[in-house]
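Numbering (my numbering), first residue to last: 137 to 320. Structure, as structure tokens:
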Amino acid sequence: MDGFETQEVIVLEKLDGENTSLYKDAIHARSLSSGHHPSRTWVKTLQGSMGYRIPEGWRICGENVYACHSIHYTALTSYFYVFSIWNEKNECLSWDATVAWCKKLGLAHVPVLYRGPYNEKVIRSCYNGTSLFGGIQEGYVLRLTDAFHYNDFSKSVGKFVRKDHVQSNQHWMTHAVIPNKLAK
């Protein structure tokens, strides 16, 4: 974890969904060539309702958790959770700026499990096996609280995923969509 030791970091809950990027006038799942899938309808509607407010050249990256993948969530507050926002210079905004933009755009961000100086023991304790949204915790993401350039991504972000996270031989997209549940 070189590079983190002297920095302020945040630990975010790693959600079991589909990495999705929203732009001013477009949306895509993990890759630019991702096609349509029924699990993407909700997040496409979200982008259509607020995309015009995203600055030109920016992208909002988050987890589309509409469909159950390996973990069935039972207490979500949204079906899309922002984990980073990138500006036109391909710089990831600081966490504070990310939260401010989420508030401005009416978007939820992934839950923060810890914020403070790098402390491996405290960070590892952020994995307790239970998601804040009901169900099992997939893992956590560690990132610097400060802004960083895309070229420094590997030195600024790390993740931990639970052992044997995927326990099926079939990809979730080959099954009927089972929606996760919003909190009542």
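We put the beta carbon where it would ideally sit given N, CA and C, even for glycine. It should be emphasised that the depicted structure is a prediction, and the values quoted were computed from it without experimental measurement.
Just confirm the distance between the C-beta atoms of residue i and residue j, as a whole number of angstroms; I'd bet it's less than 8 Å.
i	j	result
Y254	E141	5 Å
Y202	V179	7 Å
T156	G184	Actually they are not in contact, since the Cβ atoms of T156 and G184 sit about 14 Å apart, beyond 8 Å.
L158	I207	Between I207 and L158 the Cβ distance is about 23 Å, and since that is not below 8 Å, they are no contact.
Report the three-state DSSP secondary structure of residue i (helix, strand or coil).
i	result
G252	strand
S261	coil
K225	coil
A283	coil
K320	coil
T210	coil
V145	strand
F269	coil
F289	helix
Excluding the 5 residues flanking residue i on each side, which residues of the same chain have their C-beta closer than 6 Å to its C-beta?
i	result
I221	I196, L229, T234 and W237
N287	none
F284	C228 and S292
Applying the 10 Å Cβ sphere with the 16-neighbour rule, what's the burial state of residue i?
i	result
N264	exposed
A165	buried
F289	exposed
D321	With the chain covering 137 to 320 only, the question about residue 321 has no answer from this structure.
Y215	buried
K320	exposed
G242	exposed
D161	exposed
CB-CB under 8 Å to residue i, same chain, minus the five flanking residues each way: which ones, in chain order?
i	result
V297	K150, E274 and G275
In the DSSP assignment, what are the bridge partners of residue i?
i	result
S157	H164 and C197
A203	P315
F296	Y276
Y217	E199 and A244
K150	G275
Please list, in chain order, all residues of the same chain as residue i whose beta carbon is under 7 Å from its beta carbon, the five residues on each side excluded.
i	result
L212	V201, F269, N316, K317, L318 and A319
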